[in-house]
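K.L.:
In UniProt numbering, the protein residues as written are 1 to 111.
Built from N, CA and C at the ideal position, the CB exists for glycine as well.
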Amino acid sequence: EQYPETQFYDYTKSFGRMAKFLNGDFPSNYHLTFSASEHNQKLVEMVLEMGGNVAVVFRDQLPCTWKGFEVVNGDENDLRFLDKSGVVVGLIEKGLAKQDETGFVQEGINS
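Laid out in structure tokens, this is it:
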């Protein structure tokens with residue numbers, strides 16, 4: 001930890017990197033959030049079951065739960081390291097995502 005008084009955070013679509021983070025292989029002042037896509041839904045569920053957090057983009061509104069996991073409002077701030085473990089970081093679609101039909105944007109329905 002070169003800068004122990006600084007909190008670092010990042011997003012990744014790499015399951016290997018996320019697994020290393022969840023195993024404690026990174027400094028304590030580094031936080032990682034897994035990014036959901038239309039191609040990694042099985043990995044998303046694995047990360048959540050392992051206690052990791054996953055950023056998911058939703059259409060129109062955030063559900064309270066998604067796939068049985070609590071959804072927190074990721075649009076309120078960027079302080080992902082303050083989120084409790086094992087939650088979905090919900091983001092409302094913006095920009096080009098509003099036209100997405102690939103499955104990247106999830107429907108904001110409680111599940």
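The beta strand (DSSP E) with residue 127 in it runs from where to where?
P.N.:
There is simply no residue 127 to check, as the chain begins at 1 and stops at 111 in what is shown.
K.L.:
Quick one: what's residue 70 bridged to in DSSP?
P.N.:
On the sequence shown, position 70 is the one that residue 70 refers to. For residue 70, which the question treats as bridged, DSSP gives the partners 65.
K.L.:
Can you grab the Cα-Cα spacing for the pair residue 129 / residue 81, in whole Å?
P.N.:
Because the chain in this structure spans residues 1 to 111, residue 129 falls outside the shown range and cannot be described.
K.L.:
Just verifying my parser: in three-state terms, what is the DSSP assignment at residue 43?
P.N.:
Your numbering for residue 43 matches position 43 in the sequence shown. Reduced to three states, the DSSP call for residue 43 is helix.
K.L.:
Among the residues of its own chain, which have a CB less than 8 angstroms from the CB of residue 110, if the five just before and after it don't count?
P.N.:
Start at 1 with the first residue of the sequence shown, and residue 110 comes out as number 110. Result list for residue 110: 63, 64, 65, 66, in chain order.
K.L.:
Indicate the three-state DSSP secondary structure (helix, strand or coil) for residue 21 in the structure shown.
P.N.:
Here residue 21 corresponds to residue number 21 of the sequence shown, with the count starting at 1. For residue 21, the secondary structure class from DSSP, reduced to helix, strand or coil, is helix.
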